[in-house]
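A.B. asks: Those protein sequence lines, which keep their order, are chains A and B.
Using the numbering used here, the letters of the first sequence correspond one by one to residues 1 to 138.
Using the numbering used here, the letters of the second sequence correspond one by one to residues 139 to 319.
For glycine and all other residues, C-beta sits at the position ideal for the given N, C-alpha and C.
Mind having a look at this structure? Questions to follow.
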Amino acid sequence: MQKRRILAAVFVVSAAATLMVAGPAAASVTNSGSFAATCNPSSYGYATDNVGYYHVTNLGTVSIKQKSSSPGSTSTVTAMSQNGKEFSAQNIGDNGVASWANVLTGTYHVEAKSSYDHNCNGVLPGDGNYTFGYEITY
Amino acid sequence: MHASTYATTDTGRGRRVRPLPVVVAILLAATVAGCSSDKGPDLTDSSPAFEGLPHDVVVQSLADPSLQEALKATDPSDRVQMAQLNISSTIFCRDALHAYQVWTTTGTTPVAPTVVEPQTPAAGFDAFMNEWVDAVRQIISSGDPDNLRTWLLAGGAGCHDTVADPGANPNRTVADVLQGS
């Protein structure tokens, strides 16, 4: 009887150890935001809201959806790591999703600019900006 | 959530409605205010922030236009951290590639590369690099070099686009080496 209890205890401890090594699967998180991005990408670079999103899962997936654009625009989007390295850029429109696989653990910032030069500024000089609304899953 | 003060965007300006001297004064004030609000650290290859890091890698990284654009788009208070991490992760990527090559060539399981640190690491530096070291350590302990290859090729801001050996070829990246191109 005592031997059976010891065996059961060993089983519980080893199962717990296995779980600790494997770790729980990290659930992905979705957040949203918006910022002003240029409508004149041939003259200006990416804009960002400087909000950092911490991606937990090493070699996991990160996606950015363009939820809205005002005035309407397609966007070139990427995300930048703390070390200044960026994802490969992708072009998306409203409700379009850019996705990257095998993303390393780390904090990322969303970046966007219009994917083409166009006037977002009416009669005012320059092409101006548009509001890029996004949703990031990380 | 806040809009960025550092975004490089085309704001446009309203039409001229004030007398010229007033407009000039306003523009001058706006320019000064704009400069001061975006004043980040002056990062050159001789900056104290890079003491302890190999000078040639510092020079290479600071000459990279994509890093310069990234630094401009980043909060000034985070720029030292970004530049230090860029340099140290570049070295780490090259060392990890070398470890992979030794592993696949000799069959001997390599040791995970160590981090080359600046003398004064910025806040957040160790946390970031420790993640990388832990990841590579775990990958090596898996016993399968293909896992290290996958990590090196990871498309998300990892090592894949790091120049592997600038002395041999300034354009050949880690991904190019691993993919034999």
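List, in chain order, every chain A residue whose beta-carbon is nearer than 8 Å to that of D213 (chain B).
C.D. replies: On the second sequence, position 75 is the one that residue 213 (chain B) refers to. Ordered by position in chain A, the residues that pass the 8 Å Cβ test against D213 (chain B) are N50.
A.B. asks: What is the rounded straight-line gap between the Cα of V98 (chain B) and the Cα of L124 (chain A)?
C.D. replies: Residue coverage of chain B in this structure runs from 139 to 319, which leaves residue 98 (chain B) outside it and unanswerable.
A.B. asks: Measuring CB atoms only, is the segment 35–45 of chain A touching the segment 116–132 of chain A, in the sense that at least three cross pairs come out at less than 8 Å?
C.D. replies: Because the criterion of three Cβ pairs below 8 Å is met, the segment 35–45 of chain A and the segment 116–132 of chain A touch.
A.B. asks: Check each residue of the segment 75–92 of chain A: if its Cβ is closer than 8 Å to any Cβ of chain B, include it; give the result in chain order.
C.D. replies: Taking 8 Å as the Cβ-Cβ cut-off against chain B, the residues of the segment 75–92 of chain A that qualify are A79, M80, S81, Q82, N83, G84, K85, E86, F87, S88.
A.B. asks: What three-state label does DSSP hand Q198 (chain B) in the structure shown?
C.D. replies: In the second sequence, the residue the question calls residue 198 (chain B) occupies position 60. Q198 (chain B): helix per DSSP, three-state reduction.
A.B. asks: For F35 (chain A), report the span of its beta strand (DSSP E) as first-last.
C.D. replies: As a first step, residue 35 (chain A) is located in the first sequence; it is residue number 35 there, counting from the start. Counting along the chain, the beta strand (DSSP E) containing F35 (chain A) begins and ends at 30–38.
A.B. asks: With three or more C-beta pairs closer than 8 Å as the rule, is the segment 190–203 of chain B touching the segment 243–262 of chain B?
C.D. replies: Contact between the segment 243–262 of chain B and the segment 190–203 of chain B is present, because at least three Cβ pairs lie under 8 Å.
A.B. asks: Between the Cα of S114 (chain A) and those of A:T107, A:A101, A:N129, spot the shortest distance and give me the residue it belongs to.
C.D. replies: In the first sequence, the residue the question calls residue 114 (chain A) occupies position 114. Among A:T107, A:A101, A:N129, the Cα nearest to that of S114 (chain A) is on A:N129.
A.B. asks: Residues of chain B with a CB under 7 Å from the CB of Y53 (chain A): which are they?
C.D. replies: Position 53 of the first sequence, counted from the start, is the residue given in the question as residue 53 (chain A). Within 7 Å Cβ-Cβ: nothing; Y53 (chain A) doesn't reach chain B, min ~12 Å.
A.B. asks: Quick one: is W88 (chain B) near chain A, going by C-beta distance under 9 Å?
C.D. replies: Outside the modelled stretch of chain B, which goes from 139 to 319, sits residue 88 (chain B), for which no answer is possible.
A.B. asks: Got a sec: which bits of the segment 249–275 of chain B sit with their beta carbon under 8 Å from any beta carbon on chain A, in order along the chain?
C.D. replies: The residues in question are G262, F266, E269, W270, A273.
A.B. asks: Go ahead and label P186 (chain B) buried or exposed: buried means 16 or more other beta carbons lie within 10 angstroms of its beta carbon, across all protein chains shown.
C.D. replies: Here residue 186 (chain B) is taken as the residue at index 48 of the second sequence, counted from 1. Exposed, by the Cβ-count rule.
A.B. asks: Is the segment 91–100 of chain A touching the segment 72–81 of chain A, taking contact as three or more C-beta pairs under 8 Å?
C.D. replies: Because the criterion of three Cβ pairs below 8 Å is met, the segment 91–100 of chain A and the segment 72–81 of chain A touch.
A.B. asks: Would you mind telling me which residues of chain A sit closer than 8 Å to T288 (chain B), beta carbon to beta carbon, in chain order?
C.D. replies: By 1-based counting over the second sequence, the position of residue 288 (chain B) is 150. Ordered by position in chain A, the residues that pass the 8 Å Cβ test against T288 (chain B) are L59, N102.
A.B. asks: Should F87 (chain A) and Y108 (chain A) be called a contact, given that it needs their Cβ atoms to be closer than 9 Å?
C.D. replies: Position 87 of the first sequence, counted from the start, is the residue given in the question as residue 87 (chain A). Position 108 of the first sequence, counted from the start, is the residue given in the question as residue 108 (chain A). Going by C-beta atoms, F87 (chain A) is nearer than 9 Å to Y108 (chain A).
A.B. asks: If you reduce the DSSP assignment to three classes, tell me which class Y134 (chain A) lands in.
C.D. replies: Counting from one through the first sequence, the residue named residue 134 (chain A) turns up at place 134. Looking at Y134 (chain A) - three-state DSSP - the assignment turns out to be strand.
A.B. asks: Three or more C-beta pairs under 8 Å: does that hold for the segment 256–268 of chain B against the segment 43–52 of chain A?
C.D. replies: With a cut-off of 8 Å, the segment 43–52 of chain A and the segment 256–268 of chain B do not count as touching, because too few Cβ pairs lie within range.
A.B. asks: How big is the Cα-Cα spacing for G93 (chain A) and L205 (chain B)?
C.D. replies: Position 93 of the first sequence, counting from 1, holds the residue named residue 93 (chain A). Position 67 of the second sequence, counting from 1, holds the residue named residue 205 (chain B). Answer to the nearest angstrom: the Cα atoms are 27 Å apart.
A.B. asks: Could one say the Cβ of A22 (chain A) lies closer than 9 Å to chain B's Cβ atoms, at least one of them?
C.D. replies: Translated into positions along the first sequence, residue 22 (chain A) becomes position 22. Only weak support exists for where A22 (chain A) lies, its pLDDT of 41 falling under 50; the value from the coordinates is given anyway. No - not a single Cβ of chain B is within 9 Å of the one on A22 (chain A).
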